[in-house]
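Chains as they are written, first to last, in the numbering used here: chain A, 1 to 406; chain B, 407 to 812.
Even for Gly, the Cβ is constructed at its ideal location relative to N, Cα and C.
Just below is one structure, and these are the notes that go with it.
2 protein chains.
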Amino acid sequence: MKIEPRTLKGFRDFLPKEARKRQYVLSILKEVFESYGFEPLETPALEYDEILSGKYGEEGDKLMYRFEDNGGRKVALRYDQTVPLARVIAQYANDLPLPFKRYQIQNVYRAENTQKGRYREFLQVDLDNIGSEDPISDAEIIAIASECLDRLGMNDFKVLINDRNIFYELTENGVNEKDLNSILRTIDKIEKIGREGVLNELSEKTGSNEKATEILTILEQRQMNFNVEGILYYLKSMGVKNAEFTPLLARGLDYYTSTIFEIKVDGYDSSIAGGGRYDNLIGMFSGKEIPAVGFAFGFDRLMEVLDEKNLFSANIKGIDVLITFDESDSEREFPYEAANILRESGFNVEQFTDNRAIDKQLKYADKKQIPFVLIAEYGELKLKNMKTGEQKKVSLNELPNAIKQI
Amino acid sequence: MKIEPRTLKGFRDFLPKEARKRQYVLSILKEVFESYGFEPLETPALEYDEILSGKYGEEGDKLMYRFEDNGGRKVALRYDQTVPLARVIAQYANDLPLPFKRYQIQNVYRAENTQKGRYREFLQVDLDNIGSEDPISDAEIIAIASECLDRLGMNDFKVLINDRNIFYELTENGVNEKDLNSILRTIDKIEKIGREGVLNELSEKTGSNEKATEILTILEQRQMNFNVEGILYYLKSMGVKNAEFTPLLARGLDYYTSTIFEIKVDGYDSSIAGGGRYDNLIGMFSGKEIPAVGFAFGFDRLMEVLDEKNLFSANIKGIDVLITFDESDSEREFPYEAANILRESGFNVEQFTDNRAIDKQLKYADKKQIPFVLIAEYGELKLKNMKTGEQKKVSLNELPNAIKQI
């Protein structure tokens, strides 16, 4: 029976062109993370089911990939990187002095509805500082996210900052604590549905237009508190100038305990990075309260924005030179010497490894958008610029300069 | 109920020290691969079960992680990277001009017996040239593997090369074709059980001592064929000098069709890399014969050998400087300026982000083996060499040179 070659629904192959872009972005992110002293951590794709179950609410339990392995163990695929981090913190307490500053870049698995354009395997880029409670650690996290975007060539983003505690003060204005999260979820939609939309939804939830208007007005007129002030001060010292207090910023997730922030790019509704302080989560396995602050890039979103802003092409190193192959000429060593000379100068050099006519080899270079071809024929080397068509004879010791000049 | 934090049996966490080593090795491997014009490919962790089942023999079907997803689809976790590659070659035939030279570095999942010291999640590092049949492509694969080891600082390895066709000629000496694979598996053990051991096992299998001796003698006296000669010639041109024809090299896997090779390090029984030509596998989904040659590093094995040979410490970039934090001093900007100056000069700089006594911060630096601490106190900067204990006052504009001098 012939089996149709197809990718599992909701999953993706990354062919070289896309895979290279991903590698380029990741290499920059890692370099920035490391320059701030954050260290890499890897955890397994599979965990005992009991480690992950019940940690992500009802939705998480529904979307998690869970099964029994061949040994009858109940296991589950990585759903995020925070619960595994909490496990690691408890399990290796003696090996990891706090603050533990780590980044983690691995795929997570969620059986999402693919009709919403969501993927079931996607890369998470997380960076967290575990153990620090001073606002300088909140500021540092934001500075790192911001520097990553600078380094990727983005210059039209801003950082929105708020403190969840500001919302808790609503309980002093007659809002029930149990209704707070529901109200936050509505306020979180202000960019999508506008002020009127939020007012309508709040009216429904609180049962009165007056109450809704009161809540929204209180929040809009709210001044920043001491925590946000501190973070903004540190951010300025660290060189981040595009951060602003945003009293209506709510963020969807329930687990943040004070600082929250998002990074938005001009012209895009949804944020490309977000994070905050979550002091009650990391201690879940160790039974201690361990302060934590972190952020995550929406990696697919980030890739999309970089693509649309054309921030890739010039920065991605592909294949620089193709050296042709002539079977009848195959006992001469100069093409291999040429390849070595070029590689030692930092060029990526593909040697054609199939006995085909030269014009087919040139077509191959063209299809792969390789900018230079070194034609090795009859004991001679000719360098061809594939863009201009220009071609000239070169000797071994004219390489690699000839490439820079042609 | 308190849940014990533990890693799933057969799986591993990589804490920063190990994770850094892995990243260092992978960055070198990728750099070498790219310098030869090989391109990255990523495929999903999950595939339709029908894509993977039956492709790895009985053992594979037994060790594969298979389950039904929430939508009732039969799925399986990646078991190797060759079958997914074959799927990609068939599925994207129009986008991937042949030869397609790709590398792929992802985890694979096998429910191995953990008592044998095997892991159930491990990284595979594969590099393959799909579509070339000329021996130059076999040579290039070997040259790449060899350059990777050079670049990692290994200098005591050799490349053993053979051609499977040499064994098929045994059928002219009275060996049944159906017994050939079983005989190869015995010959493959010669490094482990010695010449006597192989003779004993061959005697059992062939039913006579004479036959066993004849087979082994024929193989030992075998001269290299045209294919191996060509590969050795090309290797010399490419600068690989430590390759040798090894007529008893057999390799375990059945699917190789001609060239096979292994890289062995002095003092180690098992090889750290191996590969060969397999012309009948990649076409499994496309129904065409597509030539292919490739190799894989045993990544865990490679890491082990590099560790034992002490080839890591000097090459791995960790955190260079810790800058201390003094809450009472927190409104001064110079520590952040110092951090930025050092980062711009390429240093990895951790800023301590918790309000603790200076001696605790120094202890933290010591435990994390950070070589330099910049003590920011009372508006002054003092640079401390953690190894010698030496300490001196520095100004912002003496950085970063002060670090190189102390």
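Review point. Taking only beta-carbon atoms, is arginine 185 of chain A less than 7 Å away from chain B?
Key: It does not: the Cβ of arginine 185 of chain A has no partner Cβ on chain B nearer than 7 Å.
Review point. So which residues of chain B does glutamate 42 of chain A contact, with C-beta pairs closer than 9 Å?
Key: Correct list: Arg418, Asp419, Phe420, Leu421, Glu424, Ala425, Arg428.
Check your understanding: When you compare each of A/Asp254, A/Arg332, A/Ser27, A/Ala76 to serine 53 of chain A by their alpha carbons, which one comes out closest?
Key -> A/Ala76
Check your understanding: When Cβ atoms are compared, which residues of the stretch 149-163 of chain A fall closer than 9 Å to chain B?
Key -> none
Practice item. Show which residues of chain A have a CB atom less than 8 Å away from the CB atom of glutamine 497 of chain B. Key: Pro5, Arg6, Thr7, Asp13
Exercise for review: Can you grab the Cα-Cα spacing for the pair arginine 472 of chain B / alanine 93 of chain A, in whole Å?
Suggested key: 34 Å
Practice item. Report the residue from A/Leu184, A/Asn200, A/Leu127 whose alpha carbon sits nearest the alpha carbon of alanine 296 of chain A. Key: A/Leu127
Check your understanding: asparagine 107 of chain A versus chain B: which residues are under 9 Å apart at the beta carbon?
Key -> In chain order: Pro450, Ala451.
Exercise for review: Tell me, please, which residues DSSP counts as bridged to glutamate 47 of chain A.
Suggested key: A/Ala76
Review point. Between which two residues does the beta strand (DSSP E) harbouring phenylalanine 334 of chain A extend?
Key: Careful: phenylalanine 334 of chain A lies outside any beta strand (DSSP E), inside the alpha helix (DSSP H) at 334-344.
Check your understanding: So, is the C-beta of serine 538 of chain B closer than 7 Å to a C-beta in chain A?
Key -> yes
Check your understanding: Under a three-way DSSP split, which group does proline 16 of chain A fall into?
Key -> helix
Exercise for review: Along the beta strand (DSSP E) that carries lysine 393 of chain A, what are the first and last residues, could you check?
Suggested key: 391-394
Practice item. Taking the CB atoms as reference points, tell me whether phenylalanine 157 of chain A and isoleucine 260 of chain A lie closer together than 7 Å. Key: no
Practice item. Give the residues of chain A in contact with phenylalanine 691 of chain B, contact being defined as C-beta atoms less than 7 Å apart. Key: Chain A residues near phenylalanine 691 of chain B: Ile3, Pro5.
Review point. Where does arginine 66 of chain A fall in DSSP's three states?
Key: Of the three classes helix, strand and coil, the one that applies to arginine 66 of chain A here is strand, per DSSP.
Check your understanding: Near phenylalanine 325 of chain A, which residues of its chain fall below 6 Å by C-beta distance, leaving aside the five closest residues on each side in sequence?
Key -> Phe352
Review point. How should isoleucine 316 of chain A be labelled, buried or exposed, when 16 other C-beta atoms within 10 angstroms of its C-beta is the threshold for buried?
Key: exposed
Point to revise | Closer than 7 Å to chain A by CB, threonine 759 of chain B | key: yes
**Study point:** Secondary structure, beta strand (DSSP E): runs of 3+ residues fully inside the stretch 284-362 of chain A
**Key:** 292-298, 321-323, 349-351
Exercise for review: Decide yes or no for the touch test of the stretch 545-562 of chain B against the stretch 435-450 of chain B: beta carbon pairs closer than 8 Å, at least 3 of them.
Suggested key: yes
Review point. In terms of alpha-carbon separation, which member of B/Val711, B/Asp685, B/Glu456, B/Leu504 lies closest to tyrosine 674 of chain B?
Key: For tyrosine 674 of chain B, the nearest C-alpha among the options comes from B/Val711.
Review point. Does the stretch 407-421 of chain B come close enough to the stretch 395-405 of chain A to have 3 or more Cβ pairs within less than 8 Å?
Key: no
**Study point:** Simplified DSSP state of isoleucine 370 of chain A, which is helix, strand or coil
**Key:** coil
Check your understanding: Can you name the residues of chain A whose CB is closer than 7 Å to the CB of asparagine 535 of chain B?
Key -> Thr353
Point to revise | Selection from A/Asp354, A/Val240, A/Glu31, A/Ile272 that minimises the alpha carbon distance to alanine 143 of chain A | key: A/Val240
Check your understanding: What residues from chain A crowd round glutamate 578 of chain B, counting only those whose CB sits closer than 7 Å?
Key -> Those within 7 Å of glutamate 578 of chain B in chain A number zero; the least Cβ separation is about 30 Å.
Check your understanding: Between the stretch 482-496 of chain B and the stretch 685-695 of chain B, are three or more C-beta pairs nearer than 8 Å?
Key -> yes
Review point. Which residues in chain A sit within 9 Å of proline 503 of chain B, going by Cβ to Cβ distance?
Key: Near proline 503 of chain B (Cβ distances below 9 Å), the residues of chain A are Lys363, Tyr364, Lys367, Lys368.
Point to revise | tyrosine 378 of chain A, buried or exposed, once every other Cβ within 10 Å from all chains shown has been counted against 16 | key: Under this definition tyrosine 378 of chain A is an exposed residue.
**Study point:** Three-state class that DSSP yields for threonine 82 of chain A in the structure shown
**Key:** The answer is helix: DSSP assigns threonine 82 of chain A an H, G or I state.
Review point. Closest Cβ-Cβ distance between serine 328 of chain A and chain B: below 7 Å?
Key: no
Review point. Looking only at its own chain, which residues have a Cβ that is under 6 Å from the Cβ of lysine 288 of chain A, when we skip the five neighbours before and after it?
Key: none
Practice item. Say whether the stretch 601-608 of chain B touches the stretch 617-625 of chain B, bearing in mind that this needs 3 or more beta-carbon pairs closer than 8 Å, one atom from each stretch. Key: yes
Practice item. Give the C-beta separation of aspartate 49 of chain A and lysine 30 of chain A to the nearest angstrom, bearing in mind that I take them to be a contact with Cβ-Cβ under 8 Å. Key: Not quite, the Cβ-Cβ distance comes to about 31 Å (not below 8 Å), so this is no contact.
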